[in-house]
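Undergrad: Residue numbers (the UniProt record's numbering): 1 to 194.
For each residue, glycine too, the CB sits at the ideal point set by N, CA and C.
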Amino acid sequence: MTEQRKGYENFVYQNGVYDLGTKGDMRRNERNLMWNLDPYIQTHWQLTSALGLDAGARYSSVWFDSNDRYVVGKNGDDSGEASYHKWLPAAALKYAMTPQWNVYLSAGRGFETPTINELSYRPDGQSGLNFALQPATNTTVEAGSKWQVGTGMASLSVFNTDTKNEIVVAASDNGRTSYQNAGKTRRRGVELGL
């Protein structure tokens with residue numbers, strides 16, 4: 001994906017008063033290029049007539065490249081690039097209790113890279129993209145059951161997701177939101193589907 005991003009002051013200060021929402025002076029002009037490649041392999045083994053194993057792995061790669069076109073005066077060249085890569089394995093065991101009812105246990109890793117909007121502003125207020133922002137990685141374990149009810153399906157599951165480097169808001173000021181990485185987070189839950 002390619003984008004041409006221009007940013008302006010979102011206010012004009014005149015006679016001691018801020019006129020909010022008025023397009024002011026240019027603050028940025030850049031061409032941003034983002035692309036990703038996610039090859040994966042996946043397989044299924046039927047271990048017994050009732051027990052199956054699904055397994056796979058993905059190698060996720062995401063690249064960002066920014067070309068600063070607003071290099072004037074004291075505003076230096078803030079061009080830069082970042083790339084993120086991660087192996088993401090996943091596996092699931094499924095056991096058929098009956099032809100209409102099964103139970104399962106699954107585990108997998110996840111990878112959330114910053115978006116171009118999250119990279120747009122640095123928390124310290126300096127110009128340039130926030131290349132200090134790292135991707136969030138998570139590990140999820142889920143156990144559950146699915147069953148066929150008439151012509152529909154029902155499911156019940158419990159899960160635990162542990163995340164490192166969660167991407168969170170650092171500050172929001174003058175229409176500009178910057179992001180930072182948090183420490184670790186944990187999400188636990190129960191889901192019922194009908």
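Count the C-beta pairs between the region 139 to 147 and the region 159 to 171 that are closer than 8 Å, then say yes if the count reaches three, no if not.
TA: Short answer: they touch.
Undergrad: Roughly how many whole angstroms lie between the Cα atoms of L119 and A132?
TA: C-alpha separation (whole angstroms): 9 Å.
Undergrad: If you run the structure through DSSP and keep just helix, strand and coil, what is L93?
TA: It is a strand residue.
Undergrad: Check whether the region 29 to 49 and the region 2 to 16 are in contact - that is, three or more C-beta pairs closer than 8 Å.
TA: Yes, the region 29 to 49 is in contact with the region 2 to 16.
Undergrad: S106 and A82 look like a contact to me (Cβ under 8 Å); what is the Cβ gap, rounded to whole Å?
TA: Not quite, the Cβ-Cβ distance comes to about 31 Å (not below 8 Å), so this is no contact.
Undergrad: Under 8 Å, with one C-beta from each stretch per pair, do the region 36 to 45 and the region 66 to 75 reach the 3-pair mark?
TA: Taking 8 Å as the limit for Cβ pairs, the verdict is that the region 66 to 75 does not touch the region 36 to 45.
Undergrad: Tell me, please, whether the region 15 to 25 touches the region 41 to 53 by the rule of three or more beta-carbon pairs shorter than 8 Å.
TA: No, the region 15 to 25 is not in contact with the region 41 to 53.
Undergrad: Roughly how many angstroms lie between the CA atoms of P114 and T98, to the nearest whole one?
TA: Roughly 43 Å separates the two Cα atoms.
Undergrad: Could you give the first and the last residue of the continuous beta strand (DSSP E) run that contains L51?
TA: L51 -> beta strand (DSSP E) spans 51 to 68.
Undergrad: Would you list the one or two residues that DSSP bridges to D173?
TA: BP columns for D173 point to R176.
Undergrad: For Q148, which residues in the same chain have their Cβ closer than 6 Å to its Cβ, ignoring the five residues on either side in sequence?
TA: Cβ neighbours of Q148 beyond the five flanking positions: Q100.
Undergrad: For S60, is the classification buried or exposed, using 16 other Cβ atoms within 10 angstroms of its Cβ as the cut-off for buried?
TA: It counts as buried.
Undergrad: Go through its chain and collect everything with a Cβ distance to N165's Cβ below 6 Å, but skip five positions before and after it.
TA: Excluding positions up to five away in sequence, the list reads Q134, A136, N181.
Undergrad: Under the rule that 16 or more other beta-carbon atoms within 10 Å means buried, what is V62, buried or exposed?
TA: Buried, since its Cβ has 16 or more Cβ neighbours within 10 Å.
Undergrad: Please name the residue, chosen from I116, A50, G52, N15, that lies closest to M1 on a Cα-to-Cα basis.
TA: Nearest option by C-alpha distance: I116.
Undergrad: Applying the criterion that 16 or more other CB atoms from any shown protein chain within 10 Å of the CB defines a buried residue, is R58 buried or exposed?
TA: Buried, because 16 or more other Cβ atoms sit within 10 Å of the Cβ of R58.
Undergrad: Please list the terminal residues of the continuous alpha helix (DSSP H) segment that includes L119.
TA: Element bounds for L119: 116 to 119.
Undergrad: Distance, Cα to Cα, G183 vs E112?
TA: Going from the Cα of G183 to the Cα of E112 covers about 15 Å.
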